[in-house]
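Count along the sequence shown from 1, then add 28; that gives the number in this note's numbering. Backbone N, C-alpha and C define an ideal beta-carbon position, used for all residues, glycine too.
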Amino acid sequence: MTHKIAILGASGYTGAELVRLIATHPTMEIVALAANSKAGLSMADVFPHLRHLDLPDLVKIDEIDFAGVDLCFCALPHATSQAVIKELPKTLKIVDLSADFRLRDPEVYAQWYGGQHDALECQAEAVYGLTEFYRDDIRAARLVAGTGCNAATGQYALRPLIADGLIDLDDIIIDLKTGVSGAGRSLKENLLHAELSEGAHAYAVGGTHRHLAEFDQEFSAVAGRPVKVQFTPHLLPANRGIIATVYVKGDADAVYKSLSNAYADEPFVQMLPFGQQPSTRHIRGSNFCHIGVSGDRIPGRAIVIAALDNLTKGSSGQALQNANLMLGEEETLGLMLAPVFP
């Protein structure tokens, strides 16, 4: 069976990444690509690296006949996404890559995103899209909310440890570095080559990054009580990749065993041997997350380091993984591409 696929927001980085992945998917066919600002252009015009593919031209969203679509990926900015999704057919399966449906509490959404949620009916049915922990719910869902890429990285490092009660919940530090593609494709002065290259800097310091809302929501749900972490992201002069160094109070051997048990049967989350650490260069362009654990010279402390590609496992690859489940396909279809190295 071939599933008909539409991608809204196809002219952005996550839209292009979806096209790249679906191009080799054995049961998916892209039948519609929307990008309002670039409507009328071909994908080859917008992304020359995709010129070898036979793809429909970009159109405006309201030109798409969704009656012929089985599943829609929505790769639009937050606020825009909810306005579009609430008008789509109620029978259409949707994977949203924006932040609009990640947070279960509308008041929390308003606090972090600066405006009231305008699609509460859709928000109420949305399933959080961290595949490894919501697999059964995703399989039965109509609307899945993709996670933040930083939020996914931190959760892979921490969720099993919180669930197993192995670490001090009041002393968790996530020190994260991310590539520039996570900021999107729109023009920004601080992302110009001359402004960004040959340096790195922290941003959203002191607890202002929006992905903290996901950490608060998910870690508190796992723990059964409020959990707040310290989180500082840093922007690297690299196109892709996230690496998070997570500091916890807990026995390093027990931490390693907990993570190894949690991910033993997961196709995309791979534990490194104890004491080895991951690198963004080893997951580039793939749907894999690598995790390493080391002890610290201070007894009773452990360091967990997780790395993934923000555009793939952190966004579009995760979205395709979820779409496979929603369509009754093998979860790994189209996603077993090896990382690009060097």
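Three-state secondary structure (DSSP) of L365: coil
As assigned by DSSP and simplified to three states, the class of E153: In the three-state scheme derived from DSSP, where H, G and I count as helix and E and B as strand, E153 is classed as helix.
E57, enclosing beta strand (DSSP E) - first and last residue: 56-62
Every unbroken beta strand (DSSP E) inside the stretch 151-218 [3 residues or more]: Taking 3 residues as the minimum length, the beta strand (DSSP E) runs contained wholly in the stretch 151-218 are 171-173, 201-206, in order along the chain.
Distance, G182 Cα to P188 Cα: 11 Å
Inter-stretch contact at 8 Å, needing at least 3 Cβ pairs: the stretch 119-137 / the stretch 91-105: yes
Identity of the residues DSSP links to G320 by a beta bridge: I333
Limits of the unbroken beta strand (DSSP E) element including F259: Where F259 is concerned, the enclosing beta strand (DSSP E) stretches over 258-263.
Top-ranked residue by Cα proximity to L116, from Y284, A147, F369: A147
Counted within 10 angstroms of its Cβ, other Cβ atoms place P306 as buried (16 or more) or exposed: buried
Beta-ladder partner(s) of L86, from DSSP: L61
Sequence-distant residues of its chain with Cβ nearer than 7 Å to G40 (five each side left out): A103, G212, R213
Supposed close pair Y156, H145 - CB separation, criterion 8 Å: So it is not a contact: roughly 15 Å between Cβ atoms.
Run of the beta strand (DSSP E) containing K114, from where it starts to where it stops: Per DSSP, K114 belongs to no beta strand (DSSP E) and is neither H nor E.
Candidates S248, G345, G269, of which the one nearest P295 by Cα: G345
Buried or exposed (CB count within 10 angstroms, at least 16 for buried), D128: Buried, since its Cβ has 16 or more Cβ neighbours within 10 Å.
Neighbourhood of A228 by C-beta distance below 6 Å, restricted to the same chain and skipping five residues each side: H262, L264
When L224, K216, V257, E223 are compared against H239, the one with the closest alpha-carbon: V257
First and last residue of the uninterrupted beta strand (DSSP E) at L99: If you look at L99, you'll find it in the beta strand (DSSP E) that goes 99-102.
First and last residue of the uninterrupted beta strand (DSSP E) at H31: 31-36
Distance between T30 and F161 (C-alpha atoms, nearest Å): 27 Å
L353 versus S343: straight-line alpha-carbon distance, rounded: 16 Å
Contacting residues, own chain, Cβ-Cβ under 8 Å from V47 (five flanking each side not counted): I35, A38, I58, L61, M71, F75, L78, L81, L83
Closest residue to K205 among G193, L194, G269 (Cα-Cα distance): G269
Whole runs of the alpha helix (DSSP H) within the stretch 219-288, excluding any shorter than 4 residues: Fully enclosed alpha helix (DSSP H) runs of 4 or longer: 221-224, 240-251.
Per-residue burial, F369 [other beta carbons within 10 Å of its own, 16 or more giving buried]: exposed
Buried/exposed call for R325, threshold 16 Cβ in 10 Å: exposed
Residues near A169 in its chain [Cβ-Cβ closer than 7 Å; skip 5 each side]: V155, M354
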